[in-house]
Every structure is written in structure tokens, then in C-alpha cells.
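Visitor:
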């Protein structure tokens with residue numbers, strides 16, 4: 001399954017690595033791709049192992065605001 005998260009506060013390569021790294025650490029996430037210009041993160045995941053709330057929490061733990 002794929003989901004796009006809107007993430008505020010990402011502005012650089014470090015932000016991109018932090019967000020992608022946090023999402024890729026979650027069991028069930030197979031891919032996370034940040035688009036800094038658009039402020040979006042595309043996530044491919046197995047919905048039987050991880051949910052959107054867990055992904056939002058992982059990104060928010062890195063210090064960014066998420067709106068689904």
C-alpha cells in the first residue's frame with residue numbers, strides 16, 4: 001500500500017535523511033521517499049504490519065509536523 005504524508009519543516013538533505021531513516025526503521029515499511037520541494041513523503045508499506053499513525057509518530061519524533 002502507498003500513502004503520501006504532508007510534512008512541514010523539512011528543508012535540507014539532513015531533514016530528508018532523518019525522515020526517511022525514521023520511516024524505514026518501522027517494521028512493514030518497504031520504502032520512504034521525501035520530496036523536499038513539495039513537503040511530501042511517499043511511503044510504501046505493508047498495512048498488516050504498520051499503520052499511518054505509527055508513521056506519523058515516527059516523523060513527529062524527528063521534530064516535524066505531519067498532516068495526512
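Residue numbers (UniProt numbering): 1 to 68.
Every residue gets a Cβ at the ideal spot worked out from N, C-alpha and C, and that includes glycine.
1) Assuming contact is defined by CB atoms lying nearer than 7 Å, are residue 3 and residue 43 in contact in what I supplied?
2) Can you tell me which of the three DSSP states residue 46 falls into?
3) Could you check if residue 38 is buried or exposed, using at least 16 other CB atoms within 10 Å of its CB as the buried criterion?
4) Residue 88 lies in the alpha helix (DSSP H); which residues open and close that run?
5) For residue 40, which residues of its own chain have a beta-carbon under 8 Å away from its beta-carbon, when the five flanking residues on both sides are left out?
Guide: Straight from the coordinates:
1) Within the chain shown, numbered from 1, the residue matching residue 3 stands at position 3. Within the chain shown, numbered from 1, the residue matching residue 43 stands at position 43. Cβ atoms of residue 3 and residue 43: closer than 7 Å.
2) Indexing the chain shown from 1 puts residue 46 at position 46. In the structure shown, residue 46 sits in coil (DSSP, three-state: anything other than H, G, I, E or B).
3) As a position in the chain shown, residue 38 is number 38, starting the count at 1. With fewer than 16 Cβ atoms within 10 Å of its Cβ, residue 38 is classed as exposed.
4) With the chain running from 1 to 68 in the structure shown, residue 88 is simply not present.
5) Within the chain shown, residue 40 is the residue found at index 40, counting from 1. Cβ within range, chain order: 4, 5, 6, 7 and 34.
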